[in-house]
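Notes follow once the structure below has been shown.
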Amino acid sequence: MNSSSPKPDQLSIMRHSCAHVLAAAVQKLYPNTKFAIGPAIDNGFYYDFDFDKPLSENDLVKIEAKMAKIVKEDIPFEKKDLTILKAKKLFTKQAYKQELIADLAKKGQKTVSVYLSGDFIDLCSGPHVSSTGKIGPFKLLSLAGAYWQGNENKPQLTRVYGTCFTNQKDLDQYLFQIEEAKKRDHRLIGKKLDLFSFHPGAAPGDVFWHPKGYSLMKKLIDYWREEHEKAGYQEVRTPEILKNSVWEKSGHLQSFADKMYRVATPDSHDWNMSIKPMNCDGGILIYQNSSHSYRELPLRMGELGVVHRYETSGELHGIIRPREFTQDDAHIFCTKEQVKEEIKAVMSLCFKFYQKFELELDHLELSTRPKNSIGSDEIWQEAEKVMEETLRESGVEYKINKGDGAFYGPKIDFHLKDSLERTWQCSTIQLDFAQPENFNLYYVNESGEKVRPVMIHRVIYGSLERFLGILIEGNGGNFPFWLAPTQVMIIPITNQQTAYAQKIRSTLIKTYNIRTEVNDGNETTSKKIRQAEEQKIPYMLIVGGREEEGKTVNVRERGEQVLGEMKLEKFLESVGTEQAPLIQKRMG
RNA sequence: GCCGAUGUAGCUUAAUGGUAAAGCGGUGGUUUUGUAAACCACUGACGGCAGUUCGAUUCUGCCCAUCGGCUCCA
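Spelled out as structure tokens, the structure:
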């Protein structure tokens with residue numbers, strides 16, 4: 339964004355005004371349309387319409403042309419305050435506006451403001467630019483369905499997305515940025531780097547991990563195990579399929595039956611078991627298996643659980659939202675007194691992971707009691723209070739996401755951004771007083787009394803698949819050295835150096851376990867370098883006659899950085915440091 | 001699931017109411033190469049099912065899948 343751009347709020351005002359122009363154009367072209375709302379958003383604006391005939395993307399061109407005309411006519415925006423009664427009369431044929439006016443009246447407003455621009459009038463609190471001519475270059479981007487007031491039980495409207503900037507250069511740059519961001523799409527990079535594939539004909543929505551992609555997964559798992567061992571977790575594993583009676587007891591079946599994979603055992607012709615959609619119930623059964631002393635608490639049980647959820651087709655999104663995914667789950671059973679400390683420890687573990695993977699947290703959300711909740715009012719009040727206090731005490735900023743908690747308890751969600759700035763929930767910490775009740779869990783305290791433990795459900799990656807997807811979009815496939823599926827590519831200049839190249843390869847593997855390949859194909863050096871660059875391999879070692887003679891390697895770092903010839907020992911020493919976690923392991 | 005768009009070799013794309021063109025890739029050969037694509041040959045595709053038509057990859061309908069949103073994510 340260049341320096342001549344107005345402050346964001348002014349840009350928003352202009353974009354919101356542009357949304358009005360869009361609505362005005364729609365009114366001219368499709369007079370029977372009903373209008374909903376048209377706010378400015380982060381990168382532009384939208385307007386929701388209820389058309390009497392469906393709109394197609396081709397129609398956007400026509401609308402754009404009409405908008406351009408309105409902008410050219412430089413029509414002033416004029417504000418008027420109306421009484422509720424007059425406003426209702428003015429928007430007689432506009433059902434959605436009627437609802438909005440009624441809502442404002444309910445909130446105690448005696449008057450509402452409307453904005454006029456030519457013959458288009460819209461209910462709106464403003465502000466707007468002074469006239470349509472003040473609106474900069476704009477573009478309509480896409481068409482989408484959107485439910486009225488975000489409620490899928492209400493009518494579906496047609497949303498037109500657009501954007502608008504103060505000058506053509508900014509608009510062009512924005513459109514260019516979107517194109518660039520699309521190149522970092524994890525689905526594209528996954529294909530190019532041969533990380534994974536999808537087979538919609540065989541398992542729509544599920545990931546097939548190829549060796550290089552699975553290598554990444556394994557690194558994520560290794561690091562996770564290392565950190566969780568340090569943090570006092572024990573790892574468990576629970577069955578993939580459980581009887582429905584268990585899912586009923588925990589309440590998952592009641593809440594999520596339509597998303598659970600159903601199993602009928604051979605001796606039963608009916609659906610009597612289900613593939614696990616989460617790991618909690620398994621963890622609870624392990625806890626229930628023996629009696630527990632207060633001395634054991636907090637008991638932290640981790641499980642890298644593969645879960646299945648039959649997400650509806652429109653919800654799928656590459657590896658970021660597949661139907662089968664791996665949760666880095668853990669259930670912490672603890673006393674009420676231990677809750678805050680445990681949550682804080684999980685939070686710092688989250689931040690440690692983000693740092694390790696060089697990812698930036700977008701925002702935190704505290705999600706509160708939903709409609710389908712289980713458990714008493716007292717339990718919920720207490721759980722929400724503890725969560726808020728913990729967040730406040732940790733001094734982190736957070737948003738409240740009302741009514742979006744898990745059905746058994748409130749949760750803290752960590753959101754990360756993908757390449758197109760969409761945010762995704764990754765880590766989550768859920769406080770649960772309800773399941774211990776459901777399953778009659780207890781521990782024995784100092785006085786020999788049975789006491790209910792509190793359960794904390796938590797994930798750090800969230801889903802390993804999702805986390806990796808976000809990671810790919812963040813770094814465009816340029817993984818840090820320790821994580822890269824292939825860390826070093828050795829490129830012999832001629833087939834005379836193949837043996838030397840192989841020797842270096844085994845040295846790298848033996849000393850530091852470096853994932854090394856040799857490209858001894860029948861191709862030119864340039865092409866092999868190009869291939870290694872395209873594969874985003876951190877280091878290339880180019881070896882010809884000269885290098886073999888001097889026992890050196892010619893090092894090229896990913897991104898056209900020729901580091902030049904050096905002794906093999908020197909290269910080993912430098913990458914050895916980058917490989918640090920592994921070396922520690924080997925020494926320990 | 002809903003709204004809109006899309007579906008041609010392994011990948012990226014082209015053309016067409018009379019069954020399809022190319023680059024990359026793969027295979028074979030020639031070449032032995034010095035920091036982002038050597039040369040030659042071969043190989044290979046119209047998502048599925050109906051309908052309209054003498055004839056459909058092309059038009060229509062349905063299904064499946066994908067993409068952008070919406071909704072949803074225990």
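Numbering (our numbering), first residue to last: 339 to 926.
Beta carbons: idealized from backbone N, C-alpha and C, even for Gly.
Everything numeric in this text was worked out from a predicted model, so none of it was measured.
- ALA519 and TYR499 do not touch by the CB rule: their CB atoms are close to 16 Å apart, not below 8 Å.
- Contact between PRO748 and GLU722 holds, with the beta-carbon distance rounding to 5 Å and staying under 8 Å.
- Using a Cβ-Cβ distance cut-off of 8 Å, the region 711-726 and the region 744-763 are in contact, since at least three pairs of beta carbons, one from each stretch, lie closer than that value.
- Secondary structure remark: continuous beta strand (DSSP E) runs of at least 3 residues inside the region 738-799, in chain order: 749-755, 761-770.
- Sorting GLU907, GLU872, VAL645 by C-alpha distance to the C-alpha of ILE527 places GLU872 at the top.
- Contact between the region 872-881 and the region 812-829 is established, with three or more Cβ pairs separated by less than 8 Å.
- Here DSSP, grouped into helix, strand and coil, assigns CYS462 to coil.
- By the Cβ test, the region 886-905 is not in contact with the region 858-866, since fewer than three Cβ pairs between them sit closer than 8 Å.
- In the three-state DSSP reduction, ARG661 falls in the coil class, being neither helix nor strand.
- Judged by DSSP secondary structure, THR449 falls within the beta strand (DSSP E) whose first and last residues are 449-455.
- Beta-bridge partners of THR421 (DSSP): THR449.
- Taking C-alpha positions only, PHE389 is separated from PHE476 by approximately 22 Å.
- ASP532 and ILE613 have their C-alpha atoms some 29 Å from each other.
- Around the Cβ of THR430, a 10 Å sphere holds fewer than 16 other Cβ atoms; the residue is exposed.
- By the criterion of at least three beta-carbon pairs nearer than 8 Å, the region 400-410 is not in contact with the region 371-389.
- Assignment of beta strand (DSSP E) within the region 350-402, counting only whole runs of 3 or more residues, yields 382-388 in chain order.
- Between HIS566 and TYR781, the C-beta gap is not smaller than 7 Å, which leaves the two residues out of contact.
- Distance check between MET793 and each of LEU637, ILE559, GLU811 places LEU637 closest, using alpha-carbon atoms only.
- For the pair of segments examined, the region 665-683 was found not to touch the region 591-611: the number of CB pairs separated by less than 8 Å stays below three.
- Its chain contains ASP751, HIS753 as the residues whose beta carbon lies nearer than 6 Å to that of GLN763, once the 5 sequence neighbours on both sides are disregarded; these appear in chain order.
- In the three-state reduction of the DSSP assignment, LYS581 falls in the strand class, which pools E and B.
- Setting aside the 5 residues that flank it on each side, ASP608 is surrounded in the same chain by ALA602, each with a C-beta closer than 7 Å to its C-beta; the list follows chain order.
- Judged by their CB atoms, ILE681 and ILE767 are nearer to each other than the 7 Å cut-off.
- Taking the CA atoms as reference points, ASP596 sits about 30 Å from GLU759.
- Distance check between LYS908 and each of ALA870, LEU846, THR854, ARG659 places LEU846 closest, using alpha-carbon atoms only.
- ALA425 and VAL452 do touch by the CB rule: their CB atoms are close to 7 Å apart, below 8 Å.
- Taking every protein chain shown into account, the CB of SER583 has fewer than 16 other CB atoms within 10 angstroms, so this residue is exposed.
- C-alpha of LEU367 to C-alpha of LYS740: approximately 39 Å in a straight line.
- Burial state of LEU423 is exposed, judged by a 10 Å Cβ sphere holding fewer than 16 other Cβ atoms.
- Counting C-beta atoms within 10 angstroms of its own C-beta, GLY589 has 16 or more neighbours from the protein chains shown and is therefore classed as buried.
- The C-alpha of ARG707 is placed about 28 Å away from the C-alpha of LYS788.
- Taking each of VAL856, GLU886, LEU478, CYS688 in turn and checking the Cα distance to LYS905, the smallest one comes out for GLU886.
- Looking at LEU642, GLN773, GLY474, ILE867, the one whose alpha-carbon comes closest to that of ASP560 is LEU642.
- Using a 10 angstroms sphere on the CB of GLN365, the tally of other CB atoms reaches 16 or more, which defines it as buried.
- It is roughly 6 Å from the alpha-carbon of THR836 to the alpha-carbon of PRO830.
- GLU649 and VAL574 have their C-alpha atoms spaced approximately 26 Å apart.
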